[in-house]
């Protein structure tokens with residue numbers, strides 16, 4: 001099955017009105033590969049601005065939701081509110097949410113279910129720490145994270161998986177093409193065994209972790225690498241080259 005290449009840009013907690021307008025202007029005016037699905041995730045404060053001015057086939061994502069609906073949850077954003085604002089995507093399970101804010105596999109899974117139930121599409125992040133990589137338990141970790149989602153979710157059609165080795169995020173280190181392909185192939189094999197062959201064939205698996213315009217072309221050649229989730233480089237003109245690396 002042909003899987004449409006996907007590139008996400010996670011701005012994290014970066015940006016101002018001026019800088020986000022500048023980034024989006026650059027994307028609007030760029031010649032982007034029209035066979036690539038592109039989604040950018042600015043901070044929540046700028047979601048409506050981004051939604052209003054983003055064109056050129058680029059969509060917008062939130063970086064988080066709470067797992068409950070609307071209610072007395074000060075400071076949180078619900079999936080229903082994103083749906084109302086016509087923000088179609090959300091990033092969930094990012095390692096920074098897991099490590100800094102203590103989000104468990106089960107909590108990430110409950111947020112994934114809440115997003116899907118509201119009609120959103122999810123970029124589901126999984127990945128191992130350097131210590132886990134060195135212990136040789138990478139596959140155990142990423143499949144455990146996926147298994148938590150599988151316990152709560154039946155329909156995977158609106159999930160894109162982003163494999164992001166924690167040791168490669170923002171460090172300048174990057175998994176080799178062989179390392180990335182090995183984990184992506186294991187994820188696809190797990191989906192086939194534990195979910196279904198159809199889901200395994202259809203689900204896009206992204207690589208994230210110090211992706212740049214220098215390494216994206218090689219990574220994109222791997223049969224199970226269906227795109228990228230880009231952090232810091234999504235704030236720079238090089239993001240356009242990464243999009244076009246497909």
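Numbering (full-length UniProt numbering), first residue to last: 1 to 246.
Just so you know, even glycine gets a beta-carbon here, dropped at the ideal spot from N, CA and C.
The structure displayed is predicted, hence computed values, not measured ones.
1. Hey, out of 224, 127, 240, whose CA is closest to residue 168's CA?
2. Can you look up residue 207 in the DSSP assignment and give me helix, strand or coil?
3. Can you tell me which of 112, 156, 188, 175 puts its alpha carbon nearest to the alpha carbon of residue 66?
4. How is residue 59 classed by DSSP in three states: helix, strand or coil?
5. With residue 106 and residue 150 assumed to form a contact (beta carbons below 8 angstroms), what rounded beta-carbon distance in angstroms separates them?
6. Express the C-alpha separation of residue 108 and residue 175 in angstroms, rounding to a whole number.
7. Which stretch, first to last residue, makes up the alpha helix (DSSP H) that contains residue 29?
8. For the stretch 145 to 198, which segments carrying the beta strand (DSSP E) assignment without a break, of at least 3 residues, lie completely within its bounds, in sequence order?
9. How many Å lie between residue 240 and residue 30 at the Cα?
10. Using the three-state DSSP reduction, which class does residue 2 fall into: helix, strand or coil?
11. Could you give the residue range of the alpha helix (DSSP H) that holds residue 235?
12. Do you know offhand how far residue 191's Cα is from residue 201's?
13. Flag this pair as touching only if the stretch 33 to 42 and the stretch 57 to 71 have three or more C-beta atom pairs under 8 angstroms; answer yes or no.
14. Can you tell me which of 196, 48, 243 puts its alpha carbon nearest to the alpha carbon of residue 206?
15. I need the DSSP call for residue 37, collapsed to helix, strand or coil.
Inspection of the coordinates gives the following:
1. On the chain shown, residue 168 is found 168 positions in, with the first residue counted as 1. Of the candidates 224, 127, 240, the one whose C-alpha sits nearest the C-alpha of residue 168 is 127.
2. Within the chain shown, residue 207 is the residue found at index 207, counting from 1. Looking at residue 207 - three-state DSSP - the assignment turns out to be strand.
3. In the chain shown, counting from the first residue as 1, residue 66 sits at position 66. The residue with the shortest Cα to Cα distance from residue 66 is 112.
4. Taking the chain shown and counting its residues from 1, one reaches residue 59 at position 59. Looking at residue 59 - three-state DSSP - the assignment turns out to be strand.
5. Along the chain shown, one-based indexing puts residue 106 at 106. Along the chain shown, one-based indexing puts residue 150 at 150. In fact, because the Cβ distance is near 12 angstroms, the residues do not count as touching under 8 angstroms.
6. Position 175 of the chain shown, counted from the start, is the residue given in the question as residue 175. Position 108 of the chain shown, counted from the start, is the residue given in the question as residue 108. Straight-line Cα distance between these residues: approximately 24 angstroms.
7. As a working note, residue 29 is residue 29 in the chain shown. Run containing residue 29: 17 to 29, per the alpha helix (DSSP H) assignment.
8. 159 to 163
9. Within the chain shown, residue 240 is the residue found at index 240, counting from 1. Within the chain shown, residue 30 is the residue found at index 30, counting from 1. One alpha carbon belongs to residue 240, the other to residue 30, and they sit about 7 angstroms apart.
10. As a first step, residue 2 must be located in the chain shown, where it is residue number 2. DSSP places residue 2 in coil when its eight states are reduced to three.
11. For the purposes of this step, residue 235 is taken as the residue at position 235 of the chain shown. It is not in any alpha helix (DSSP H) - residue 235 carries neither H nor E in the DSSP assignment.
12. By 1-based counting over the chain shown, the position of residue 191 is 191. By 1-based counting over the chain shown, the position of residue 201 is 201. If you take the alpha carbons of residue 191 and residue 201, they lie about 9 angstroms apart.
13. yes
14. Counting from one through the chain shown, the residue named residue 206 turns up at place 206. Answer by Cα proximity: 243.
15. Your numbering for residue 37 matches position 37 in the chain shown. DSSP places residue 37 in strand when its eight states are reduced to three.
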